[in-house]
Structures are given as C-alpha cells and as structure tokens.
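Peer 1: Line order of the protein sequences matches chains A and B. Numbering-wise (my numbering), the first sequence opens with residue 43 and increments by one. Numbering-wise (my numbering), the second sequence opens with residue 6 and increments by one.
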Amino acid sequence: MRKLLLPWYKVIVLCAFSSAILLSSSPDAKAQESARIDTTMKPVSDFGQIFQPLKLNVLYGEQTRDKLVQSIGYLDGKRLESSPVSLLSNAFAGHFSGLYTYQSNGAPRYDATSLSLRGRSPLIVIDGVPRYNTVYNELSLNPEQIESITLLKDGLSSVMLGNRSMDGVLMITTRKKSTNSGSSVSFTAQGGIQEAIGMRKALSSFDYASLYNEARANSGLSPAFSQTQLDGYRNGTDPFVYPNVDWQKTVLRDNAPQMRYTLNASGNYTNVRYFLSLDYQNQSGLFREDDDNSYGTNVDYSRYIFRSNIELDIDKNLRANLNLVGNIQDFIQPGAGYGSIFTLLQASPSNATAVTNFRGTFGGTREYPNSPYAEAVGTGYIKNNLQAAAVNVGLTQKLGSLIEGSWVKALLSYSPSYEQRINRSKNYNAYNYPVTGDSTNFLRVSTISEQPNSTTVQGRFQQTYLELSTGLDRNWGNNDFSAIIVASYDNSQSNNLLNQIYQGVSTRLSYSLDKRFNMELAGAYSANNRFNPGNQADFYPGAGASWNLHNESFMQGNKFLNEFKLRASYAKVGNADPGYYLWRQTYAGGTAYIFGTAATGTSSIAQGALANPDRVAEKAKKFNVGMDLAFSNQRGWVNVDYFNSSQYDMLQTRGSSSVILGSAYPLENIGKSRYSGIEVNTGWSATAGKLRYSISGNISSVSSRVLFNDEPAQPFAYMARTGNPVNQIRGYVADGFFNSGNLTSPRLESFTPSEGDVKYKDLNGDGIINVMDQMVIGNDKPLLYFGANLGLQIAGFDMNVLFQGVENRDIVTTGYYQFPFSLNGQGPAFTYNLNRYTPGTASTATLPRVTIQNEVNNYLTSSLYVQDASYIRLKNLEIGYTVNPKILPSSVIRGLRLFVNGQNLSTFSKYKDSDPENYMGLYPLQRIINGGLSIKL
Amino acid sequence: MVTRKKYKICVALLILSTFQLACKKFEDVPLEARTEDLVYDSKDINGFFADQAVTNLYTFLPRGYNRIDGAYLDAATDDGVSSQLTSDIYLLSKALQSSTQLVDDSFASNYTAIFRANQFLSKVDVVPVVALTKQYWKAEARFIRAMSYFELIKRYGGVPLLGDKIFTLDDKISLPRNTYDEGVQYIVSECDAISGLLLKEPVSAVQVGRITQGAALALKARVLLYSASPLNNPSNNVTKWLSAANAAKAVIDLNYYALNVSFVNAFVTRSDKEVIFAFQQSRNQNLEIAQSPAGYVSDLYSSRGLTSPSQDLVDAFPTLSGRPITDPASGYSASNPYANRDPRFDATIFYNGSQWLGRAVETFEGGRDKPNTSMIQTKTGYYLRKFLPNLATATNYAAADHNFIIFRYAETLLNYAEAINEADNSVASRTIAYIQLTNIRKRAGISAGTGSLYGLNANMTQAEMRAAIKLERRVEMAFEEHRFWDVRRWNTAATDFNKTIRGMKITRVSPGVFTYQTVNVEPLVFIAPKMNLYPIPFSEIQANTGITQNPGW
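1. Given 8 Å as the limit, is there contact between the stretch 125-132 of chain B and the stretch 44-54 of chain B, that is, 3 or more CB pairs closer than that?
2. Less than 7 Å between C-beta atoms, sequence neighbours within five positions excluded: which residues of the same chain meet that for GLU75 (chain A)?
3. Return helix, strand or coil for LEU591 (chain A), following the three-state DSSP convention.
4. Count the other CB atoms, across all protein chains shown, that sit within 10 Å of the CB of GLN269 (chain A); report buried if there are 16 or more and exposed otherwise.
5. Report all residues from its chain with a CB closer than 7 Å to the CB of GLN325 (chain A); omit the five preceding and five following residues, and keep chain order.
6. Quick one: any contact between the stretch 573-592 of chain A and the stretch 605-624 of chain A, if contact means 3 or more CB pairs under 8 Å?
7. Can LEU198 (chain A) and ALA452 (chain A) be called in contact, C-beta distance under 7 Å?
8. Just curious, the alpha helix (DSSP H) that TYR421 (chain B) is in, first and last residue?
9. Can you give me the C-alpha to C-alpha distance between PHE138 (chain A) and GLU721 (chain A), rounded to a whole angstrom?
10. Spell out the partners DSSP gives ILE374 (chain A) in its beta bridges.
11. Who are the Cβ neighbours of GLU545 (chain B) in its own chain at under 7 Å, not counting the five residues just before and after it?
12. Around the Cβ of MET482 (chain B), are there at least 16 other Cβ atoms within 10 angstroms (buried) or fewer (exposed)?
13. Got a sec: is the Cβ-Cβ distance from ALA81 (chain B) to anything in chain A below 7 Å?
14. Distance check for TYR622 (chain A) and LYS254 (chain B), CA to CA, integer angstroms please.
15. Do GLU189 (chain A) and GLY119 (chain A) come within 7 Å of each other at the CB atom, strictly closer than that value?
16. Do you know offhand how far GLY479 (chain A)'s Cα is from SER491 (chain A)'s?
17. Which residues in chain B have a C-beta closer than 8 Å to the C-beta of TYR102 (chain A)? List them in chain order.
18. Please state the DSSP three-state secondary structure of LYS225 (chain B).
19. If we cut at 7 Å on Cβ distances, does MET470 (chain B) have a partner in chain A?
20. Quick one: which residues of the stretch 254-279 of chain B get their C-beta closer than 8 Å to a C-beta of chain A? List them in chain order.
21. Counting only beta-carbon atoms, is GLY704 (chain A) nearer than 7 Å to chain B?
22. Cβ of PHE513 (chain A) within 7 Å of Cβ of SER530 (chain A)?
23. Could you tell me the distance, in whole angstroms, from the CA atom of ASN503 (chain B) to the CA atom of GLU237 (chain A)?
24. Could you compute how far the alpha carbon of THR400 (chain B) sits from the alpha carbon of SER303 (chain B)?
25. So, with DSSP's three-state summary, where would you put THR106 (chain A)?
26. For PRO172 (chain A), decide whether its Cβ has a neighbour in chain B, counting only Cβ atoms nearer than 7 Å.
27. Taking only runs that begin and end inside the stretch 164-252 of chain A, name each unbroken beta strand (DSSP E) of 3 or more residues, in chain order.
28. Determine the closest residue to GLY731 (chain A) out of A:GLN835, A:ILE971, A:TYR152, A:SER948, with distance taken between C-alpha atoms.
29. Could you tell me which chain A residues have their CB closer than 9 Å to the CB of ASN377 (chain B), listed as they occur along the chain?
30. Tell me where the alpha helix (DSSP H) around TRP142 (chain B) begins and ends.
31. So, does the CB of ARG513 (chain B) fall closer than 7 Å to a CB anywhere in chain A?
32. Indicate whether at least one CB of chain B lies closer than 7 Å to the CB of SER408 (chain A).
33. Have a look at A:THR903, A:PHE839, A:THR888 and flag the residue whose alpha-carbon is nearest the alpha-carbon of ILE853 (chain A).
34. Over the uninterrupted beta strand (DSSP E) stretch that includes LEU947 (chain A), give me the two end residues.
35. Under 7 Å between C-beta atoms, does TYR802 (chain A) make it to chain B?
36. Measuring CB to CB, does PHE863 (chain A) end up less than 7 Å from ALA257 (chain A)?
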C-alpha cells in the first residue's frame, strides 16, 4: 500500500470547517448563478471584448466582475486571431499588463515565447487542468479554439494551486459553444510569407580579409591574405579560389510560405452545446533546397489539431462535459539540425569557401570544411512525429434537493503524448581544388556517409488528472455566499522518470454584502511526492477584500463614474521544485578508467552532490492592491494594480561554499528576494457616427531586489549583490580606449596596452584592474513593458493595430558575433565590426582595435558590450473587410470576411546590430505577411 | 431517477479508480540512484561497487598532453608556445591569470579527490572482500589522496590538510592553511605508510595501470626533491637534499625499473619497465592529430599542429657527440642545424626535413606545413614530435598507446642525480650523478665518446654538474610537465621565463637548399616571486574566511 502524501486528518478538519460554514448559512436563501449580473452590460464589439467582461473565469469556477477581489487579467480569444503565428504564446506580446514576453528563437515549432508574469514563469492551466510548459504542444492551440485567457496575477487568485501557485497562472479556456443559439459552421483559409528579420550583415570577402590582416598586424603577425588574394576577392574573377559568398542569400530563401485552414462547427441548444474544430497548419523554414535530393531538407512544420468540446445537460441537475483534443505534428529539418546550420551560417565569413567548386561538387577548405550550404542541403533530413491527445470528462451535479445551492463535480483528464525521431541524416563529400581547372590537385575535406534509417523515442509523457469538488452558492437578503472545496490529484510521467504527483485539497469562501463589500478566503494544502516524505506538504492561505464604491449611496448621484472598486489581497504561495528526488544522498556513475594491457574500460561510481534532505517548496508572500474604474457609460476604463511579492525559502547554494568540502553543495532554502511593480490598463471604446473605435493600452513595471543571498563579505560596497536588483549584469566599466596619451592608466596586471585597447575604470583606485573593479553595468532599472492597441471599424472594414515594447532592458553581446575572428583565428566579422579603433578613427570608434591572438583585455564583460535592447515593435496589424451578407451570391453562405494581417512588421530599437530579442544568432524571428478569407455557413 | 443512479455509479467508479491508482505499488524512489549501503554493501564479497569507487579515484590523477585549452602546460615555458591564436595557456605564458581568471586551477578537483578518498576509507571496512584486496584498495586511495595534496602544494603552497576528516553540510568551513613543510611531511608519511601495502612489481597484465609500491616511492622522491629545492628550502638545508636522494635511491633499489632501450617507445608502450606510473588512456590517435605538422591532411587523417617548440629548446639539444651546439667541436653546423644531433632531438621535434608519413616536413616559409595562411600552423618553424610512435614511413595514423606518464624511471635517475649533487659537494656524490646522466645519455643514443662520458665534461664542479642536470632534465623530459615546475622550484623563473620566445625562419632557396634565420615569436612573461605559486580562487577566498591569498595575487 502506498503511503498517502497528505496527513488526512488535516484534510478532514478543513472539510469539517468548511461544511460547518455551509450548514450555518441561512437555508432559505435562493441560489441563482446569474441572479446578480449587472444590467449595464455593454455589447461585445466585433473587435472582441477589450474590457473585462461581466463574468470571468477564475480557478475552479467563475466570478462576476462586481464581486471580484482577485487581480486578474483578461483577454478575449478573438483578439488573438489576427496573429498569424503557429504557437499561441507568440501572440501574447503586448496584450496583458503584468506579462512580459521574450522570444529569442524563431524556428518553426521551437519558437515559443517565454513568459514572465511579475518576474516568474506562469503555470499554464487549460480548461481547468494544469499543463506543464515542457509539453509545449499544449500551447499549440489555434486562436479560434480559445474563448478567453485569464491571467491570475496576485496570490489570492492562484493560491488554490498550493505548491504550484507562486508563479501565477495563465488560464486558457477553450470554446464550448457558438455565440448565438443554433449551429454555425465557419471555414477560414489563410496563407502568408515569412521573412527573416534581424540578420547580421557579414563583411564582403575583401573587407573581411583586409580587416583580418589588420588584426594580424595589430597582433604582431604577418598578413594571412596576400595582395593577390585581396585583389582576387575584390575583382571576383575566380570565384572558386577567391570566393565572396553571401551565405544568407545562398542558404536562405528570401521568404518562406505558411498556411492554415480551419474548419469550426459550433452549436448552442437547450440541452447540448458543442464546439468542433479541425485545423491544419503548415510552416516552411527558410532554408533553400537542392533539386538533386529526392526529398525535402528544408524545415517543414505541419500540425493537425482536432478538438471536440461537448457540453450535455443530461437532466436539469446533471451536466456532462467531454473535451477531446488530438494533436499531430510532423517536423522535418536538415540532418545537420536547423540550429547548428544557423550558427554555422553566421560563423562563416564570405571567403570561407566557394559554395561549389569548379567541378560542381560541394566546396570546402581545411579551415572551413563544412559550408552552411552543404550542411543545409547535403546532410539528409530528420523527421519528428508527435502525437498528443487529451480527454477531459467532467460531471457536475446540482444537489439543490439535498442542500440548497450546492453541487458536486468530478473531472478526469488523461493526456498522453509521444514523439519519435526518424533519423535520415548523412554526411557529404566536399572537395577543395586549390587551382581552378586542375582536377588532379584536390583535397577531400568532408566525406560522405551512409544514410541510416533509425528511430528514437524523443519523448513520452502522460498525465492523469483527477479532481473532485463540491460547493455551494447562495444568497439571502443582501448577502451572497459561495464556497468550494477541491481535492485534486495530478500524476504525470515523463520518459523513464518516476511519476511526479501533485496532490492537494483547497478551498475558497466568498462573501458579498449589499453589492458593496466582497471578501474572499482561500487556501490549499498541497504536496509533491519528490520531496523527503516529511517535507512534502504545506499549507498556503490567502485572503482579500474589495469595496464597490460606486454602489455606495454617496456615489449614486454620479453619472460619470459607473464603476469604482478598490481591491486588496494577500496570500502565501508556494513553488514546489524538488528536483528529481534530490533530498536523497545517492551515488552515480562517474568517468570510466582504463586498466590492464588490454586497456579495458572500467566503470566508476561516486557520490553525487551532497543531498539536502530538508529541501522544501519555495514560498512567497504576495500582496496586491488595485483599483478598477469605469466611466462615461463604460466607454472608458482604468485598472491599476500594485504588487509586492516577498519571496523566501528560495533555492540557492550557500555563500560560504568552500570547495574544500570536496563535494558540490546542494541547493538550500535560504534566498530572499522581493519583486514589486505597478500595472495599468486603460482604454476607451466608442462610436463616432458610423465609425466604431477603441483605443487601449497597458504598461507594467517590475523591479526586484535581492534581500538575502548569503553573500560573503564584499571588500567594496559596489561589489555587493544584496540590496540590488536580481539579474543585474556585472562587469568592468569601460572608459574609452587607450591612446598615446594614457598608456600608463590603470590596466590589468602585467597587461601591456596598445592604442585602441579598452580602458577600464579603476573603481577602487589601486592602480590595477581586477575583480575588485567590477560593478553593475546593466539591468539595474525596473523593467518596463507596454502594449498599445487601436481598433477601427467602419462600413464593413475593420482594422487593428498592436504596438508592443520594452524599456530598461539591457543585454550583453559576446562570442563570435561580437568579437571578430574569435573562433581561434577563424570566424566571422560583421559590418558593425568596422567601427573598430584605428589611429585614424580614434575619436569615432565604438569598438576596440581588432586583434587576433591572445585576447585578454578587450573581450572582458564590460559596459562596452552592454547594449540597450529596449524596443518598440509594430507587433501586429490587421485589416479586414466583411462582405455585406445581402450581396452574397448564395444564401448558404451567411458571412464572408477577407483579411490581411502581419506580424513583427517593424521594430524600433537603439540596438541595430541584430534583433533586440533574438540577438544570440539563433534562428531568426520573422516578419509575416498573411492574408485569407473566412466563410460562415 | 434513473439518471440519478447512473450518476452515482459514475461517481463511485471515479472514486474507485482514484483509490485503485493510489493503491498501486510502484517504485517509491528511483532505484538507479544507488545509495551508500548498496555501494558499500556489507554482503557483497566481490565488492562490486566498492571496486568502482576506487576506480573513480583514479580519474582524478594528473594528466598531461594538450590539457590546457588544447595546449601543453610546457607551452607556458621557454620550451615552446601554442600554435593556436587563442588559448587559456596565454594567460599563463603572458602572466595574465588572476584569482578570477584561472588556468590549470585544480584546487576544487583535488579536494574532491581527497574527499572521495576519505569517504572511501571511512566506509569500505564493511565490505567483506578478501583482506589483501581491501589492503590494496585502501592503500591506493591513500596514494591518490597524497598525490592530490602534492598537486595542491605544488601549485598553491601550503594548503589545509584534512587528515581523515569528512566535512558535512553542518560544518562551516573556515580553515587556515597548513605550511608547505607540513604538507610535505603528510605526503611523505603517507607514502611511507602505504609503500608496503601496495601492489609489488611486477604486476599482472590486468593490473597494469594500478598504483604500485614504486609509484608511492616515486611520489615520495619527487615531493622531497621539490621540498629541498631553493624555492622551498631557502636556507639550503642539505639534509632535505639527502632525504630526497635517499628517496630516489629507494626507487632504484627496487631493482625492477629500467630505461627502455628506445626513447621513442618509452612513451607508446602500455606496459614498460620505464613507466612507474601513468594516467591510463584507451588507445587513440588524438596526439597524432593534435601534434603532427598542420599540412598532413588527407581523406584519412588530419593534423592540427597545436604545439610550436621554441628555438631555445631546439638549441638545448646537444649534438650526437653529446656536446652543446655552442662547442666548435660538437659537429654542429648553423647552415645545416638539424643534422648530427642528439637522437632525442629527432624524437622530440618535427623540424624542416623530418620524415613523417612518407614525406619530409616542410616548415620553410610557404611550405606545406607553414603556408602562412589563416590556418593554425607553427609559429616557430617546429612542431612537437614527442610522444608519437614512429610513423616516418606510415601511410596513416593508427590508434596507439598514449598514457600520460606521471612517474618515469628516467626522472627518478635525474632526481637522484640532482639531489645527491646538492646533498654533498663531493667527488663521490658527483660520481653517482655522472652515472645517472650517462645512463640516460647512453640510452638516448649519444655517442659514448672519450671516457664514456657521452659528451659530458669530465671533473665537473658542483655548479657545473647542477647545470648539466638541469639541461638534461630539460631535453630528456621536455613537454612532460616538468620544466614548468622545475624552473619555479629552482627559483630561476625570473630569468628563465622572462624572455622572448624565438623560432626559426627557414627560406627555401632551391629544392633542398635552405637558409636559416632566428626570429622573435612572442614574449614569455614571469612575475617573480608572485608567479611561483598560483592564486587561490577568489571564490574560495570569499567562501572560506580562514584561508589567505598567496602573496601578490
């Protein structure tokens, strides 16, 4: 018999407590779910709902806007439909206050945007079931399936998730029915082109070779490129021996197509509601292909999604929900892997090698045996197949005959996924012919290999989720009361790891008095099985209240202000991060060693890092105050939130971790930090004559502070991290360049500076530049991010514009894309590298002199390479035209809309070398221009 | 009411299924993550996992070859430079390392080895293997612990000695250093204690590579030699030299070890009487690829030519007669500088005209192995030949034995010569030193010459003998990670390691006719006395408040 994770007596106490409250409430009150819905409802515009609707999805239920206590963000699923992106998260940017988005990779299928909600990565909950970010196919939903997204921002709104509540929650609710009664069918077809943005510009061969010789000269070395070679690059007479290849144009297409077809059917009848969706989407990669191959090598991502959401009222008290989801994905990429080809593409200078030699086979040289072109088209292909499915079965029984207003509900969800990889990759022959026309003088620099056919399991995951809940909704007199108790069991299995189990019991009690005062108490007792048995469970309580001032008698005369609410909440939340049974002290296999004349490999074993048996969940105390205003007959609104989250028990290694221990220190619950910030949402939506318009915007700030990280005593105050923002960039402070006048300034010990080397500030004034001269050089200001939206509608035309941006964001550029020739004398140089110091450009140079050898001083992390990567993007624009149904040829077609839209249309940033989000040389982000039509039947 | 019943059944089923799941018996904790009682199993008479725990300790032994970011440690001496344009080795050779930019930092890894050895020693008693096996295991663990301390004091000076202490999370580690001499004492006492408990030579074929009595004695000899050297023995206490001499003699007196007749084969033979102890590797061709002149490429093999030996080292090799090249009677010719040299020169250096894979090495300007393009290639006109088997006429590289030799018998002889020469300024001592040197030179293939002195001057003074031994160590043990430490312990790095590394610019006048011109390659920088020791990592200075930084860092 398995040990139970929870001490059940505590659960019983919790249940008894809750039921006592239930029973003590007045039995004759009338329970009605929607009795108190505000009557000043504003019709939903065709842009989709912009302001919070009257009813909002919260964890395990719904809440009306007037009773709201929690801090919640809302997005109508319709508003995502104008984004022609394949992964849903790529459409989030700019839509929510409090949600920071960062997309660092543009590869089809792998281009998920990372999300940060008030400084933490939110848990994804889809239709009430927590899904893990690692199973990102869960976010490959299409926008048409989505009814709404709720962002649970404060502690109170997420606390019922117990040890998963600390990160906040992004809650996705899929559509269950058609908007109007009866049935409707719609079909949308759209196609577009993608174009890479933010690609660096490589130097031409001549410029590259000249700069290379300059670097060698600066390093005291003889030139590597002779005048003949330089002339050859410049004249381009013999492109085989003196290549000048634009690798981007050679390997990448100017643009790549994508398409999507969606067929939706939905219905809304008295006893049955349903939503069915079939979706096919295909996104091509940017690589060129070679006609010689009988197969495609370009990245190709196909996805089929099937969804069937059915809601059935079996009798007037019993409702059944059945959601079925299927997800099939095929992903093809070149055998060398799209990622490494992109790295190689950018790391190959224009003169690396000819694409093909004079005999028409792949070119290559000793230094650059693999050209990015050969890697893209000559390495076969790899294909991934993914099948994922989810089934949710829910039953809700009203128990009005037993206890007035009460109900019970059961939810079961099972979700498997399986991915396999078919490897059909190979190597190819590449030849170097040093003399064009001389076919006897050659060197094979890359050798062909067999093309295997092997399959591997790429990942297998399954999740079983069970939830039993019961609750009560009542009102009597001026009192509204509702209560819910939820027991949940979430068991997931990933590959060969033992199942991870989250279990918990949670409750929420809401009480409203006289439409004016709302109170909410919530709590969870939850556990994770990968902690030490004594440390698995903890209790997480929360409470909040709100005050609807607009319902106070003294506000009744006010015609302008329609809603005026003040909110406050406080909760203790947790984050269970047990690692994989890291509380246990274990031994693991180490490096093998060789014994005997036969050189036999012998296994070895050693103790791993010291275990910390006391590891528990990380925790935070989250405080939130907010204000909601609606005015001018609800045409305008403002929401303001302030949050302060004190994190404690944060995992880190101790400050005094001496290596004399002889073993790695474990993570311990010792860190403390604080995140705080302000979020503002505002908007105005109205009509002027025939024009309907809406303007909305949001802005958020997040500032952080390390309160305690067990930091050793620092010799200088500026070296301390405690008291400063989390994730600061630290390094030397660049102070111009050495020149003939200051060659004796403080420098690295025993470094002999030359003119044009970076000079650093000697912060402690000891005449030497060393670790004592490093301080914060970036990301020391609160992060600000914002979105702005404009919607217009007139005479069948509609338009939607979304701007999105970030301020106070710094990045450090480093590696081969910042430092020329830094791959041991090889590697690329880009146009911006020409801004180096030369005696002639001493006053305008932004980068140090180029060198090629033994670079110690100039490549240190310093303020010289800290870039202001703040940006504003024209993220999304859509223009549509809805054809007047009266002029449609057939009465079968009830509606027709034509649209064009675009993503990442324009970017404004001080950082111009590359894209401010994707600057590390990964697969580029794309500008997408897309168009299509949508038919309603 | 029918539906009501149905629903009840449904709920009941759901609850039942939950219960079912909760009852199912499955692995509570991952079984592949072994716990201590399994590793040190009190029932396993074979000690399956305990054996593996010993094996793990071996992986901490020092290894050489291209270990510093593709470069030999010796590329930070006057013996050579790295051919690479960027490598961490430059931080060492240009005196640019610091307590936050560390090179060859083994502070943590050696304490890890010490921790694991201590842990093994404290736990292994419960394992019921036969007594002799356990005796060997424990002695091996103690050897690796002693070796780790030697690697520490060699780099950092005195370090905290832990004895058998095993720290836990509850300990706040704030340890002061022990002195260098205390470290030496500890290592010596451990070597003394275990030398009788270890495997005795000869070992069986399957035991090749295991720690033997000879290894413990050789470690003791080297530790005592280092501790008697000027850096660590400023008052020149001759008893220290004497104990060093005796320790070296003890290895010789085992009467087992001997020089391989072939200098080349000594480095490519897995089981050899010249090898006292070596870091074992599987057979490979890594060194062939890393070291061979950069122009040797084909479908079948490639070569990187990562190391460029210096003109200084080249000039240090005597001629075939054993005389220095500066001696007019040596037979050296500046116009044909590579002819008629000590055979060890051919075995150590690829020079212009060396035979390799069926062709002559071309390091003249524009030659196949020095094309002066952007390709990585020699900076000095030389490549490193040492440690490779003889492939002069081969057509391809083949996997070969490339164990890194930690203790070689030739070193023992040189240790003995050096220590005895310093211990006692007498003809008798020098006679002993002569014997060691001539043995080595004889094996090298140098002509015996008059009085069978193999080119050595007769009747050398103590200082002359000292210089002769230093030279012999340099050429005999080039690129074996000796000179880097030798020059430090002799306390002569301020001059020896502060110079411009030179190379040879070879111009081909016509096929087979070359002119030679020495050229400056790059500076070698040494800051004395600071660089005689490494800096303790800054993070350790911060974490461990008891420890003090080495002077100057």
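Virtual Cβ for every residue (Gly too), placed ideally from N, Cα, C.
Peer 2: Considering the structure as presented:
1. Yes, the stretch 125-132 of chain B is in contact with the stretch 44-54 of chain B.
2. As a working note, residue 75 (chain A) is residue 33 in the first sequence. Residue confidence for GLU75 (chain A) is low, a pLDDT of 31 falling below 50, so the modelled location carries little weight; the figure read from the coordinates is stated next. Once the five neighbours on either side are set aside, the close Cβ partners of GLU75 (chain A) are ASP515.
3. Locating residue 591 (chain A) in the first sequence gives position 549, where the first residue counts as 1. Helix.
4. Stepping through the first sequence from its first residue, residue 269 (chain A) is reached at position 227. Per the 10 Å Cβ criterion, exposed.
5. The residue labelled residue 325 (chain A) in the question sits at position 283 within the first sequence. Same-chain partners within the cutoff: SER128, PRO150, GLN300, TYR343.
6. Proximity of the stretch 573-592 of chain A to the stretch 605-624 of chain A meets the contact definition, three or more beta-carbon pairs being nearer than 8 Å.
7. What you label residue 198 (chain A) is simply residue 156 of the first sequence in a count that begins at 1. What you label residue 452 (chain A) is simply residue 410 of the first sequence in a count that begins at 1. It is not a contact, given that the beta carbons lie outside the stated cut-off.
8. In the second sequence, counting from the first residue as 1, residue 421 (chain B) sits at position 416. Counting along the chain, the alpha helix (DSSP H) containing TYR421 (chain B) begins and ends at 414-428.
9. Residue numbering aside, residue 138 (chain A) sits at position 96 when the first sequence is read from its first letter. Residue numbering aside, residue 721 (chain A) sits at position 679 when the first sequence is read from its first letter. If you take the alpha carbons of PHE138 (chain A) and GLU721 (chain A), they lie about 10 Å apart.
10. Position 332 of the first sequence, counted from the start, is the residue given in the question as residue 374 (chain A). Bridge partners of ILE374 (chain A) according to DSSP: A:ASP342, A:LYS425.
11. Your numbering for residue 545 (chain B) matches position 540 in the second sequence. Closer than 7 Å at the Cβ level, and outside the excluded window around GLU545 (chain B), lie PHE112, ILE552.
12. Along the second sequence, one-based indexing puts residue 482 (chain B) at 477. It is buried - the Cβ of MET482 (chain B) has at least 16 other Cβ atoms within 10 Å.
13. In the second sequence, residue 81 (chain B) corresponds to position 76, counting from 1. Not closer than 7 Å to any Cβ of chain A, the Cβ of ALA81 (chain B) fails to qualify, so no.
14. Against the second sequence, residue 254 (chain B) aligns to sequence position 249. Against the first sequence, residue 622 (chain A) aligns to sequence position 580. LYS254 (chain B) and TYR622 (chain A) have their C-alpha atoms spaced approximately 54 Å apart.
15. Taking the first sequence and counting its residues from 1, the one referred to as residue 119 (chain A) is at position 77. Taking the first sequence and counting its residues from 1, the one referred to as residue 189 (chain A) is at position 147. Contact: yes.
16. In the first sequence, the residue the question calls residue 479 (chain A) occupies position 437. In the first sequence, the residue the question calls residue 491 (chain A) occupies position 449. When rounded, the distance between both Cα atoms is 27 Å.
17. For the purposes of this step, residue 102 (chain A) is identified with residue 60 of the first sequence, where counting begins at 1. Within chain B, no C-beta atom comes less than 8 Å from the C-beta of TYR102 (chain A); the nearest is roughly 17 Å away.
18. Indexing the second sequence from 1 puts residue 225 (chain B) at position 220. When secondary structure is reduced to three states using DSSP, LYS225 (chain B) falls in the helix class.
19. Looking up residue 470 (chain B) in the second sequence gives position 465. When Cβ-Cβ separations below 7 Å define contact, MET470 (chain B) makes no contact with chain A.
20. Answer set for the stretch 254-279 of chain B: ARG275, SER276.
21. Within the first sequence, the letter at position 662 stands for residue 704 (chain A). Taking Cβ atoms only, chain B reaches closer than 7 Å to GLY704 (chain A), which makes this a yes.
22. Taking the first sequence and counting its residues from 1, the one referred to as residue 513 (chain A) is at position 471. Taking the first sequence and counting its residues from 1, the one referred to as residue 530 (chain A) is at position 488. First, the amino acid is wrong: residue 513 (chain A) is Gly here, not Phe. In this structure, SER530 (chain A) does not lie closer than 7 Å to GLY513 (chain A) by Cβ.
23. Residue mapping note: residue 503 (chain B) aligns to position 498 of the second sequence, counting from 1. Residue mapping note: residue 237 (chain A) aligns to position 195 of the first sequence, counting from 1. Each residue's alpha carbon lies about 56 Å from the other.
24. Residue numbering aside, residue 400 (chain B) sits at position 395 when the second sequence is read from its first letter. Residue numbering aside, residue 303 (chain B) sits at position 298 when the second sequence is read from its first letter. Their backbone Cα atoms lie some 10 Å apart in a straight line.
25. Numbered from its first residue, the first sequence carries residue 106 (chain A) at position 64. If DSSP states are grouped into helix, strand and coil, THR106 (chain A) belongs with the strands.
26. In the first sequence, the residue the question calls residue 172 (chain A) occupies position 130. Not an interface residue.
27. Within the stretch 164-252 of chain A, the complete beta strand (DSSP E) runs of at least 3 residues are 165-168, 171-173, 188-194, 211-216, 224-238.
28. The count along the first sequence starts at 1 and reaches residue 731 (chain A) at position 689. Minimum Cα distance to GLY731 (chain A) is reached at A:GLN835.
29. On the second sequence, residue 377 (chain B) is found 372 positions in, with the first residue counted as 1. Neighbours of ASN377 (chain B) in chain A, taken as residues whose beta carbon is under 9 Å from its own, are SER264, PRO265, ALA266, SER268 in chain order.
30. Here residue 142 (chain B) is taken as the residue at index 137 of the second sequence, counted from 1. Going by DSSP, TRP142 (chain B) is part of the alpha helix (DSSP H) stretching over 136-161.
31. Within the second sequence, the letter at position 508 stands for residue 513 (chain B). No, its Cβ sits nowhere closer than 7 Å to a Cβ of chain A.
32. For this step, residue 408 (chain A) is matched to residue 366 along the first sequence. Here residue 408 (chain A) turns out to be Arg, not Ser, going by the sequence shown. Yes, ARG408 (chain A) counts as interfacial toward chain B.
33. For the purposes of this step, residue 853 (chain A) is taken as the residue at position 811 of the first sequence. Cα-wise, what sits closest to ILE853 (chain A) is A:THR903.
34. Taking the first residue of the first sequence as 1, we reach residue 947 (chain A) at position 905. Segment 937-951, the beta strand (DSSP E) holding LEU947 (chain A).
35. Taking the first residue of the first sequence as 1, we reach residue 802 (chain A) at position 760. Judged by the 7 Å Cβ criterion, TYR802 (chain A) is not in contact with chain B.
36. Position 821 of the first sequence holds residue 863 (chain A). Position 215 of the first sequence holds residue 257 (chain A). Contact: yes.
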